[in-house]
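Down below is the structure, laid out as structure tokens.
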Amino acid sequence: MGKLSRDKRDVFYRKAKESGYRARSAYKLLQIDAEFDLFGFEGGDDGHQPQHHDDVDQSPHTSSNDEARDTETTKRRPTLVVQRAVDLCAAPGGWSQVLVERMMGENYMTSSQDTLTTPNDTSSSPAIVAVDLWPMEPLAGVHCLQGDITSLDTAKSIIQHFQGQRSELVVCDGAPDVIGLQEFDEYCQSQLLLAAINITTHVLATGGTFVAKIFRGRDVGLIYTQLKLLFESVICAKPTASRNASIESFVVCRGFGYGTLPVEKCLDLELEGSWDELCGGVGGLRLVPGEDVIPSIVPFVSCSKLKDCSMPSGVDFMDSDKSYPVHEAKAPLAPPIRPPYEAAKGRTSGGRNG
Ligand code: SAM
Numbered sequence: 001m002g003k004l005s006r007d008k009r010d011v012f013y014r015k016a017k018e019s020g021y022r023a024r025s026a027y028k029l030l031q032i033d034a035e036f037d038l039f040g041f042e043g044g045d046d047g048h049q050p051q052h053h054d055d056v057d058q059s060p061h062t063s064s065n066d067e068a069r070d071t072e073t074t075k076r077r078p079t080l081v082v083q084r085a086v087d088l089c090a091a092p093g094g095w096s097q098v099l100v101e102r103m104m105g106e107n108y109m110t111s112s113q114d115t116l117t118t119p120n121d122t123s124s125s126p127a128i129v130a131v132d133l134w135p136m137e138p139l140a141g142v143h144c145l146q147g148d149i150t151s152l153d154t155a156k157s158i159i160q161h162f163q164g165q166r167s168e169l170v171v172c173d174g175a176p177d178v179i180g181l182q183e184f185d186e187y188c189q190s191q192l193l194l195a196a197i198n199i200t201t202h203v204l205a206t207g208g209t210f211v212a213k214i215f216r217g218r219d220v221g222l223i224y225t226q227l228k229l230l231f232e233s234v235i236c237a238k239p240t241a242s243r244n245a246s247i248e249s250f251v252v253c254r255g256f257g258y259g260t261l262p263v264e265k266c267l268d269l270e271l272e273g274s275w276d277e278l279c280g281g282v283g284g285l286r287l288v289p290g291e292d293v294i295p296s297i298v299p300f301v302s303c304s305k306l307k308d309c310s311m312p313s314g315v316d317f318m319d320s321d322k323s324y325p326v327h328e329a330k331a332p333l334a335p336p337i338r339p340p341y342e343a344a345k346g347r348t349s350g351g352r353n354g
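full-length UniProt numbering numbers the first residue of the sequence shown as 1 and each following residue consecutively.
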């Protein structure tokens with residue numbers, strides 16, 4: 001979490017530092033969890049229905065928004081109790097911290113500062129794998145993998161770590177380095193999402209949940225269509241911790257294997273064979289409009305709740321677009337390790353000094 005002048009005024013940035021989170025994005029996952037109860041509990045159906053159906057993500061191909069909303073939210077299997085979870089594109093680790101808290105208890109991180117390992121027996125204890133292109137500060141209870149989620153080797157490493165067991169939850173907050181050309185950025189984001197979906201089909205348990213960042217661009221309906229093949233319920237969520245001005249939202253997909261594709265097909269993909277199909281565009285989850293790929297709509301839910309969370313001092317409502325000027329600036333908790341801009345920064349200051 002760096003120190004940008006705009007971020008200094010952001011209440012979630014400030015609250016993240018006060019609460020020990022490595023990134024303000026932790027609040028996005030916390031708000032999604034408060035709305036959707038991602039982690040389940042022993043004993044079955046939580047009966048949960050999202051509260052704020054503010055809108056529906058539009059598509060010209062569907063006639064009734066209400067119809068789509070009802071279909072997505074009324075019939076749903078119980079959320080699985082999460083024993084294993086995967087955090088794709090995890091650095092610096094804010095979402096991984098939320099996974100640790102929710103799966104191992106709020107005190108786990110502070111009580112096990114010296115035990116920066118995942119329990120060996122992943123069959124009975126909660127296990128978390130975090131993957132990123134960049135190195136990540138170790139985090140108690142999390143197995144950190146440095147790798148590219150678009151690479152087959154990374155997929156294999158995740159699968160290997162779970163020793164054949166599947167996880168109940170996969171989250172992905174991945175974002176490519178945006179260059180400012182909107183359509184290109186959206187395309188890169190959708191390719192990253194497809195890579196995440198591909199890995200997910202190999203590591204997620206039947207009935208499991210997938211949460212991922214999505215850019216709500218022009219062709220987002222095509223991705224919804226693909227997700228509906230694999231999941232029983234697909235909802236687009238916008239936590240208030242995500243700035244209004246951003247096209248970023250999150251898909252919350254539940255009931256893996258209960259989409260329109262038969263469950264055997266979802267689980268039966270050969271990793272090597274499916275990679276090209278899912279990411280490359282030949283059949284499978286391709287992204288180009290065609291006769292058999294019609295854009296879908298999904299319900300749109302705004303998430304503003306936060307479970308068990310106190311406001312920062314002097315703040316009574318957290319709004320990421322509001323300025324809160326009076327606060328004490330704190331140092332970043334987990335500065336990036338060897339960030340890509342380091343070399344350029346060195347050259348610039350060297351030039352100035354010299
Ligand atoms: N959820 C994280 C947190 O709470 O700390 C923040 C994630 S940050 C917004 C996006 C991350 O995606 C970056 O750390 C970036 O390195 C990672 N990323 C982008 N493309 C990737 C790829 N192909 N494979 C793995 N990680 C990737």
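All C-beta atoms, glycine included, are put in the ideal place defined by N, C-alpha and C. Computed from a predicted model, the values in this text were never measured in an experiment.
Proximity test, residue i beta-carbon vs ligand 1 heavy atom, cut-off 7 Å
i, result
"L192", "yes"
"R14", "no"
"V131", "yes"
"I149", "yes"
"residue 369", "Since the first and last residues shown for the chain are 1 and 354, residue 369 lies out of range."
"S25", "yes"
Residues near residue i in its chain [Cβ-Cβ closer than 7 Å; skip 5 each side]
i, result
"L204", "R166, S167, V170, F210, F256"
"T200", "V170, F210"
"S19", "none"
Residues near residue i by beta carbon distance below 6 Å, same chain, minus five either side
i, result
"V252", "F36, V211, I235, A237"
"L116", "Confidence at L116 is low in this model, with a pLDDT of 44, below 50, so its placement is unreliable and the value that follows should be read with caution. Same-chain partners within the cutoff: P138, A140."
"Y27", "F12, A241"
"K265", "none"
"R102", "F39"
"P339", "none"
"Q146", "P135"
"N244", "D321"
Limits of the beta strand (DSSP E) - the one that residue i falls within
i, result
"D87", "84-88"
"I235", "231-239"
"residue 355", "Not covered by the structure: residue 355. The range shown for the chain is 1 to 354."
"residue 407", "Residue 407 lies beyond the range of the chain shown here (1 to 354); nothing can be said about it."
"S302", "299-303"
Extent of the continuous alpha helix (DSSP H) run through residue i
i, result
"Q182", "182-203"
"A130", "Premise fails: A130 lies in the beta strand (DSSP E), 127-132, not in any alpha helix (DSSP H)."
"V100", "94-104"
"F36", "26-36"
"V11", "11-19"
Neighbourhood of residue i by C-beta, 8 Å cutoff - its chain only, sequence neighbours within 5 removed
i, result
"A343", "none"
"D148", "L133, T154"
Check whether residue i and residue j have beta carbons under 8 Å apart
i, j, result
"I158", "V178", "no"
"K213", "E248", "yes"
"P189", "F231", "In the sequence on display, residue 189 carries Gln and not Pro. No, they are not a contact pair."
"L222", "P295", "yes"
"R22", "G94", "yes"
"M136", "A85", "no"
"P239", "Q31", "yes"
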